[in-house]
Structure formats: structure tokens, C-alpha cells
Amino acid sequence: MHKIPRKFLYIIGGVILLGVIAYSVYVNLKLNYPSFPASTDSSTNTLPESGAATSKKPAAATNVSLPATKSYLDAIKIYKNTGYYFQFVSCHGSPGTLTLKKGTKFMLDNRDPRAHKIAITGGQSFNIKAYGFAIATAPSTLGTHYITCDGGGAATITVQK
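Under numbering that gives the first Met the number 0, the sequence shown has 19 at position 20, and the numbering climbs by one with no breaks.
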């Protein structure tokens with residue numbers, strides 16, 4: 000019988016292990032980061048302009064702020080890169096606190112596979128679909144405002160002049 004060298008077996012085992020790790024990473028990335036079309040279809044995006052329910056109209060902005068957008072990819076480019084962005088996973092907001100000037104627009108990004116009602120003390124309330132988003136406006140009153148997700152505490156906004 001022909002004996003296979005141990006070194007060769009270790010190499011084969013390492014290649015198989017690397018293949019399994021690469022496949023696991025690929026599957027994990029595909030599951031955690033679904034693709035989002037750049038269309039303005041309201042089934043993907045939920046903005047106040049396109050059907051998200053708001054309980055009160057936000058106060059008029061006193062300063063020039065970022066525009067509302069209808070595309071998820073456009074919103075990410077604008078709001079996440081400027082830091083005016085809350086991401087909600089399992090109804091927990093990240094970052095936990097955000098400091099904004101009154102009237103500044105910011106993004107609420109629901110990364111859950113189910114819809115949530117996200118409300119801001121001061122009157123704004125959004126029903127955000129699964130993997131949807133909304134553009135909110137910071138309250139006009141200075142101080143700390145709470146953001147709730149399905150009625151539970153999720154994050155806070157500190158509004159400054």
C-alpha cells in the first residue's frame with residue numbers, strides 16, 4: 000500500500016477549512032445585508048412623503064438642512080456619511096444618542112425583517128416597513144427627546160441651537 004505523507008493531509012485539510020470559512024462569510028454577508036433597489040418604489044422605502052404615518056407635522060426648519068430623499072441608497076449616502084443617522088436593529092437605536100440642531104433632518108433606518116413604529120417625543124411618529132427608512136426632522140424645542148420603537152425606549156436626541 001502507498002502511504003500518504005502527513006504534510007499533504009494537513010495541506011488538504013487547511014484548504015477545505017479555508018473553503019468552509021469563505022463560504023460561511025459569503026452566506027452571512029448575503030443574509031445580513033440584503034440588496035436594496037435604487038428605485039422610488041414605496042414598497043421598499045417609507046418616507047413621510049410616501050405613506051409613513053406621522054401623528055403631527057414637524058416644526059418648520061430654522062436652518063438649512065439636508066434634503067429628504069426617496070431612494071435608500073441616496074439616503075445612506077447623504078445621512079449616514081454626515082452622521083445624521085439612526086439604525087434600528089431589534090428596536091435598539093445605534094448610536095444611542097445623537098446631538099442635532101433644531102430642525103435638522105436625519106434618517107431612521109429599520110434593519111429588521113419586520114415593521115416597527117418609531118416615535119419621537121415632540122410629535123413625530125413613523126410606521127417603518129421591514130428594511131425601510133424614514134427621514135425625520137429634529138424637534139424645534141431644545142433639550143433631550145426620546146425615540147421609542149414599538150413603545151419601548153430605543154435612543155435619544157439632544158437638540159441644541
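Note that CB positions come from ideal geometry on N, CA and C, so glycine has one too. Treat the numbers as computed from the prediction; the structure is a model and nothing was measured.
Per DSSP, what kind of secondary structure is residue 9 in: helix, strand or coil?
Translated into positions along the sequence shown, residue 9 becomes position 10. DSSP places residue 9 in helix when its eight states are reduced to three.
Residue 17 to residue 8, Cα distance in whole Å?
In the sequence shown, the residue the question calls residue 17 occupies position 18. In the sequence shown, the residue the question calls residue 8 occupies position 9. So the alpha carbons of these two residues sit roughly 14 Å apart.
Run of the beta strand (DSSP E) containing residue 99, from where it starts to where it stops:
Start at 1 with the first residue of the sequence shown, and residue 99 comes out as number 100. It spans 96-100 - the beta strand (DSSP E) in which residue 99 sits, taken as one unbroken run.
With DSSP run on the structure shown, which of helix, strand or coil describes residue 79?
Here residue 79 refers to the residue found at position 80 when the sequence shown is read from its first residue. Looking at residue 79 - three-state DSSP - the assignment turns out to be helix.
Whole angstroms is fine: what's the gap from residue 158's alpha carbon to residue 112's?
Mapped onto the sequence shown, residue 158 falls at position 159. Mapped onto the sequence shown, residue 112 falls at position 113. Rounded to whole angstroms, residue 158 to residue 112 spans 30 Å at the Cα level.
For the beta strand (DSSP E) containing residue 108, name the first residue and the last one.
Reading the sequence shown from its first residue, position 109 is the one you call residue 108. Looking at the DSSP string, the run of the beta strand (DSSP E) that includes residue 108 is 104-109.
Pairwise C-alpha distance: residue 106 and residue 71:
Numbered from its first residue, the sequence shown carries residue 71 at position 72. Numbered from its first residue, the sequence shown carries residue 106 at position 107. When rounded, the distance between both Cα atoms is 10 Å.
What is the DSSP secondary structure of residue 124, reduced to helix, strand or coil?
Along the sequence shown, read from residue 1 onward, the residue named residue 124 stands at position 125. Strand.
Whose C-alpha, out of 134, 152, 129, 156, is nearest the C-alpha of residue 141?
Against the sequence shown, residue 141 aligns to sequence position 142. Of the listed residues, the one whose Cα sits closest to residue 141 is 156.
Taking the alpha-carbon positions, what's the residue 146 to residue 13 distance?
On the sequence shown, residue 146 is found 147 positions in, with the first residue counted as 1. On the sequence shown, residue 13 is found 14 positions in, with the first residue counted as 1. Cα to Cα, residue 146 sits roughly 48 Å from residue 13.
To the nearest angstrom, report how far apart residue 89 and residue 6 are at their CA atoms.
Counted from its first residue, the sequence shown places residue 89 at position 90. Counted from its first residue, the sequence shown places residue 6 at position 7. Rounded to whole angstroms, residue 89 to residue 6 spans 47 Å at the Cα level.
State the start and end residues of the unbroken alpha helix (DSSP H) segment that holds residue 74.
Taking the sequence shown and counting its residues from 1, the one referred to as residue 74 is at position 75. 71-74 is the span of the alpha helix (DSSP H), which, as asked, contains residue 74.
Between the alpha carbons of residue 139 and residue 76, how many angstroms are there, rounded?
Looking up residue 139 in the sequence shown gives position 140. Looking up residue 76 in the sequence shown gives position 77. Going from the Cα of residue 139 to the Cα of residue 76 covers about 25 Å.
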